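S.K.:
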Amino acid sequence: MRRVVTFTLLALFCLGTVSAIAEDLKSRDFGYGYMIEARERGAIYSLPVPGEVYRTVRRSDLGDIRIFNGAGEPVPHALRALASPEELAGENREVPFFPLHEDEAVIDSNMSLSVRRNADGTIIDIDSGKLEPQGERRVSGYLLDLGEKASDIGNLEIFWKVDKAHTTNSVMIQQSHDLQRWWTLVNKVTLVDLEYGGNRIEQRKIKLPQRSGRYLKITWLQKQQPSELQRVTAQPRVVLSRQNMQWVTLYNGAKSAVGEKTVIDFTSGYRLPVRSVRLQFPEVNSIVSASVQSRTGKDDSWREQCRGVFYLLEMDGERLQSEPCSFMSTNDSEWRLVVLDDGAGLAGGGSNLNLNLGWQSDELLFIARGTGPFIFAFGSGKLENRTGPNSSEMVLTAVQLHKDGDILQPAKLGKRIELGGEKALVPPPPPTPWKIWLLWSVLVLGVIGMGAMALNLMKDLRKREDA
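The sequence shown runs -22 to -1, 1 to 445 under mature numbering (1 follows the signal peptide of the UniProt record, and there is no 0).
(1) Have a look at GLN181 and VAL210 and give me their C-alpha separation to the nearest angstrom.
(2) Name the DSSP beta bridge partners of PHE133, please?
(3) Terminal residues of the continuous beta strand (DSSP E) containing THR308?
(4) Kindly indicate which residue of ARG37, PHE244 and ALA346 has the alpha-carbon position closest to the one of ASN47.
(5) Whose CA, out of LYS4, ILE22, GLY20 and TYR32, lies closest to the CA of ASP310?
(6) Any idea what DSSP makes of VAL140, helix, strand or coil?
(7) With distances taken between CB atoms, is the gap from SER205 to ASN165 smaller than 8 Å?
(8) Does the Cβ of LEU109 have 16 or more other Cβ atoms within 10 Å, making it buried, or fewer, making it exposed?
(9) To the nearest whole angstrom, what separates the beta carbons of residue 447 and PHE76, a pair I think is in contact under 8 Å?
(10) Could you check the C-alpha separation between ARG281 and THR274 for me, to the nearest Å?
(11) Looking at C-alpha atoms only, which residue of THR245, VAL149 and VAL373 is the closest neighbour of TYR23?
(12) Tell me which same chain residues have a C-beta within less than 6 Å of the C-beta of SER254, skipping the five on either side of it?
(13) Can you list, in chain order, the residues of its chain with a C-beta nearer than 6 Å to that of GLN299? Leave out the 5 residues immediately preceding and following it.
(14) Roughly how many angstroms lie between the CA atoms of THR308 and GLU341, to the nearest whole one?
(15) Output the residue ranges of the beta strand (DSSP E) runs that lie fully inside the stretch 208 to 288 and measure 3 residues or longer, sorted by chain position.
(16) Cutting at 8 Å between CB atoms, please list the residues of its own chain near ARG37, excluding the five before and the five after it.
(17) Note down the Cα distance separating ARG44 from PHE352, rounded to an integer number of angstroms.
(18) Beta carbon of THR375, beta carbon of ASP320: below 8 Å?
(19) Hey, how far is the Cα of VAL252 from the Cα of MET223?
(20) Output the boundary residues of the beta strand (DSSP E) element that contains THR349.
(21) Could you tell me which residues DSSP puts in a beta bridge with LEU169?
(22) Are ALA389 and GLY9 touching if we call contact CB-CB under 8 Å?
(23) Grab me the residues of LYS393's own chain with a C-beta within less than 8 Å of its C-beta, minus the 5 sequence neighbours each way, in chain order.
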């Protein structure tokens, strides 16, 4: 009897002390990797995550990437989205403009005689005293003074007086450095202010080339009366910093009807950090009001990322396309377009469209513990459903306590290497349920022990009765 009780207590002790023994991660537990080229004596290094990583990882949160040092040990790392991939060369500012009449719009070398400027070249006024008045002259253009920092201007935003529901303006832009010699900067650009389905479509921006003159002349190409300008805003040129937006196109969307709305579903199969969406229409003069939604997997709910009016219009031989719809970065792989108002013939068996996803790489930070060479390993089926300690907060806190330039060192991706290969991307079979088996063993042994105790008790009672 004592043996049975002792064995039972031993089994219960084992059950209380058995825990899941996590294997130490090795680089061969990952499919592929990159050698990292980093300078010596750095504390924390940063590098952009290559696109291949997003197409290979098994987890949407990129939880199956690791950095290994030369001793094969994983080191703390973190991912962060680049707050702003673009830097602006200055701020928005108002641009002074002056109306040009029909006889002044054709500016030749004599134009400088009718313009008054101060010492730094700023236009004060246009003097038309040399011209004999011949009734009320028609305005056919405007003269703009961009100032001394004209090269920092990337876009001009033109605001005009709207006196009807639909306004289009086709204009030409000429430039000059001295108001004497003029040459064409933009042959033709169409400005639009339209109303559709309760929504307004505006195209007011004129993109300027890298170098433009200080003075610009805007003249209307059509014969109707030019719109009356109210304001011209200069927007700073965008200076590309660490990276550009990259685009991937999703084809063959599955079209269906949900209630009275047309729904188009797309699957990317990637874990890209998507930040923008635009629609690729099959033909011009298409317009829709739509909601863009996404989700991680089929068992998750759809979340709206943005909504708006998307269009592709052609006017006077020039194509006008709506700006991309931007939102917070998401790694969702399934996308849905819900058409709220269809002006592109998408309903029923009509034509379909493609979805363009704009994404930007995350920034990978890692602490250079130990010696190199360091390996960036990614893609592991072993980690697909596994949770563990996360060092991200620790690394990000260390970076936030200092300026990036003081503590971060740039690193580069070197040679691509195969680690565990495709086999490492396959999730391993479920682990043997030792705990469950041990529990059942304990229960069975307990039952056997109780039975043995009862049998011994019965034998003792019979002996006492016989005695």
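A virtual CB, placed ideally from N, CA and C, is assigned to each residue, including glycine.
What you are looking at is a predicted structure, and each value in this text was computed from that prediction instead of being measured.
M.R.: Once the coordinates are examined:
(1) The sequence position of residue 181 within the sequence shown is 203, counting from 1. The sequence position of residue 210 within the sequence shown is 232, counting from 1. If you take the alpha carbons of GLN181 and VAL210, they lie about 14 Å apart.
(2) For the purposes of this step, residue 133 is taken as the residue at position 155 of the sequence shown. According to the sequence displayed, residue 133 carries Asn and not Phe. For ASN133, which the question treats as bridged, DSSP gives the partners LYS185 and GLN213.
(3) Reading the sequence shown from its first residue, position 330 is the one you call residue 308. Following the DSSP letters along the chain, one finds THR308 inside the beta strand (DSSP E) bounded by residues 303 to 308.
(4) Counting from one through the sequence shown, the residue named residue 47 turns up at place 69. Ranking ARG37, PHE244 and ALA346 by Cα distance to ASN47 puts ALA346 first.
(5) The residue you call residue 310 lines up with position 332 of the sequence shown. Put simply, of LYS4, ILE22, GLY20 and TYR32 the residue whose alpha carbon is nearest the alpha carbon of ASP310 is TYR32.
(6) Here residue 140 is taken as the residue at index 162 of the sequence shown, counted from 1. Of the three classes helix, strand and coil, the one that applies to VAL140 here is coil, per DSSP.
(7) Taking the first residue of the sequence shown as 1, we reach residue 205 at position 227. Taking the first residue of the sequence shown as 1, we reach residue 165 at position 187. Pairing SER205 with ASN165 gives a Cβ-Cβ distance that is not under 8 Å.
(8) Position 131 of the sequence shown, counting from 1, holds the residue named residue 109. Low per-residue confidence applies at LEU109: pLDDT is 46, beneath 50, and the placement is therefore not dependable, though the value from the model is reported in the following sentence. Exposed.
(9) Look at the range of the chain in this structure, -22 to 445, and you will see that residue 447 is not part of it.
(10) Within the sequence shown, numbered from 1, the residue matching residue 281 stands at position 303. Within the sequence shown, numbered from 1, the residue matching residue 274 stands at position 296. When rounded, the distance between both Cα atoms is 10 Å.
(11) Against the sequence shown, residue 23 aligns to sequence position 45. The shortest CA-to-CA distance from TYR23 to any of THR245, VAL149 and VAL373 is the one to VAL373.
(12) Walking along the sequence shown from the start, residue 254 turns up at place 276. Result list for SER254: PRO302, SER304 and GLY336, in chain order.
(13) Your numbering for residue 299 matches position 321 in the sequence shown. Only LEU290 meet the Cβ criterion.
(14) In the sequence shown, the residue the question calls residue 308 occupies position 330. In the sequence shown, the residue the question calls residue 341 occupies position 363. Using only the alpha carbons, I get a separation of about 15 Å.
(15) 216 to 218, 224 to 228, 232 to 236, 239 to 245, 252 to 258 and 264 to 273
(16) Locating residue 37 in the sequence shown gives position 59, where the first residue counts as 1. Contacts found: ARG249, LEU361 and GLU362.
(17) Here the question's residue 44 lines up with position 66 in the sequence shown. Here the question's residue 352 lines up with position 374 in the sequence shown. Going by the C-alpha atoms only, they are around 10 Å apart.
(18) Looking up residue 375 in the sequence shown gives position 397. Looking up residue 320 in the sequence shown gives position 342. No. Outside cutoff.
(19) Here the question's residue 252 lines up with position 274 in the sequence shown. Here the question's residue 223 lines up with position 245 in the sequence shown. Spanning the two alpha carbons is a distance of roughly 10 Å.
(20) Taking the first residue of the sequence shown as 1, we reach residue 349 at position 371. Segment: none, THR349 is in no beta strand (DSSP E) and carries neither H nor E.
(21) Sequence index remark: in the sequence shown, residue 169 carries index 191 (1-based). Beta-bridge pairing links LEU169 to ASN147.
(22) Residue 389 sits at position 411 when you count from the first residue of the sequence shown. Residue 9 sits at position 31 when you count from the first residue of the sequence shown. Contact: no.
(23) Taking the first residue of the sequence shown as 1, we reach residue 393 at position 415. Once the five neighbours on either side are set aside, the close Cβ partners of LYS393 are TYR12 and MET13.
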